[in-house]
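*Asks:* For what it's worth, this note's numbering labels the leading residue of the first sequence as 562, then goes sequentially. Glycine is no exception: its CB is placed at the ideal position from the N, C-alpha and C atoms. First, the structure itself, so that you have it in front of you.
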Amino acid sequence: MKHWLLKSEPSVFGLEQLRAAPKKTTHWDGVRNYQARNLLRDEIQVGDEAFLYHSNCAEPGIVGILRVVRSGYPDHTAFEPGHDHHDPGSTPENPRWYMVDVQLVRALKRVITLEELRAHQEQKLRDFQLLRRGNRLSVMPVSDVHWRFILSRE
DNA sequence: GCCAACGTTGGC
DNA sequence: GCCAACGTTGGC
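Written out as structure tokens, the structure is:
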């Protein structure tokens with residue numbers, strides 16, 4: 562089982578919406594970056610766990626734990642004209658974008674903030690992709706060592 | 001294939 | 001709202 566980090570702006574979709582969703586499950590749609598797409602399509606497996614990260618908000622940080630309940634399948638929001646995530650270059654016959662389904666396992670007892678993660682950048686969280694300068698990936702792998710360390714901070 | 005222009009991301 | 005970093009686009 563692998564670990565991941567999924568990034569989302571809470572004003573668009575975050576912990577609260579996930580909590581309110583039926584079975585606390587949702588499809589993770591709207592990823593429009595090829596590197597992240599490849600992970601969603603090829604790498605992420607049912608049973609994998611992921612941190613939910615809130616970005617572009619007052620307190621950016623890790624807020625919860627998700628479980629992957631369906632592995633990569635075409636992101637149908639790309640097929641819908643008028644949808645925010647519509648992409649005429651993606652068709653059901655030849656889909657360009659993929660998504661997975663995730664279920665909320667639990668919220669963290671407290672937010673592990675970006676600031677706090679940064680404080681460990683030189684030691685325990687060396688090479689943590691989230692902390693790379695200018696990192697913009699919305700889906701990224703988390704090593705087992707980093708995963709366990711972050712959870713131990715909770 | 002190069003690279004400038006442009007749009008988006010995301011911390012602050 | 002600002003702006004640095006980065007990905008994508010499109011002319012050549």
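1) Any idea if residue 660 is buried or exposed, counting beta-carbon neighbours within 10 angstroms, 16 or more meaning buried?
2) Identify whether residue 588 lies in helix, strand or coil by the three-state DSSP scheme.
3) Where do the ends of the beta strand (DSSP E) carrying residue 564 lie?
4) Please report the straight-line C-alpha distance between residue 666 and residue 583, rounded to a whole angstrom.
5) With 16 as the cutoff for other CB atoms within 10 Å, does residue 625 come out buried or exposed?
6) Could you check whether the region 701-710 touches the region 681-689, counting it as contact only if at least three pairs of C-beta atoms, one from each stretch, sit closer than 8 Å?
7) Output the distance between the C-alpha atoms of residue 598 and residue 652, rounded to the nearest integer angstrom.
8) Got a sec, what are the start and stop residues for the beta strand (DSSP E) residue 713 sits in?
9) Please go through the same chain and pick out, in chain order, the residues whose beta-carbon is closer than 6 Å to the beta-carbon of residue 633, but skip the five residues on each side of it.
*Replies:* From the atom records:
1) In the first sequence, the residue the question calls residue 660 occupies position 99. It is buried - the Cβ of residue 660 has at least 16 other Cβ atoms within 10 Å.
2) For this step, residue 588 is matched to residue 27 along the first sequence. In the three-state DSSP reduction, residue 588 falls in the strand class (E or B).
3) For the purposes of this step, residue 564 is taken as the residue at position 3 of the first sequence. 564-569 is the span of the beta strand (DSSP E), which, as asked, contains residue 564.
4) Counted from its first residue, the first sequence places residue 666 at position 105. Counted from its first residue, the first sequence places residue 583 at position 22. Distance between residue 666 and residue 583, taken at the CA atoms: about 13 Å.
5) As a first step, residue 625 is located in the first sequence; it is residue number 64 there, counting from the start. So residue 625 counts as buried.
6) Contact between the region 701-710 and the region 681-689 is present, because at least three Cβ pairs lie under 8 Å.
7) Counting from 1 along the first sequence, the entry for residue 598 is found at position 37. Counting from 1 along the first sequence, the entry for residue 652 is found at position 91. Distance between the alpha carbons of residue 598 and residue 652: 15 Å.
8) Start at 1 with the first residue of the first sequence, and residue 713 comes out as number 152. Residue 713: not part of any beta strand (DSSP E); member of the alpha helix (DSSP H) spanning 705-714, first to last residue.
9) The residue you call residue 633 lines up with position 72 of the first sequence. So the list reads 601, 602, 659, 661, once near-sequence residues are dropped.
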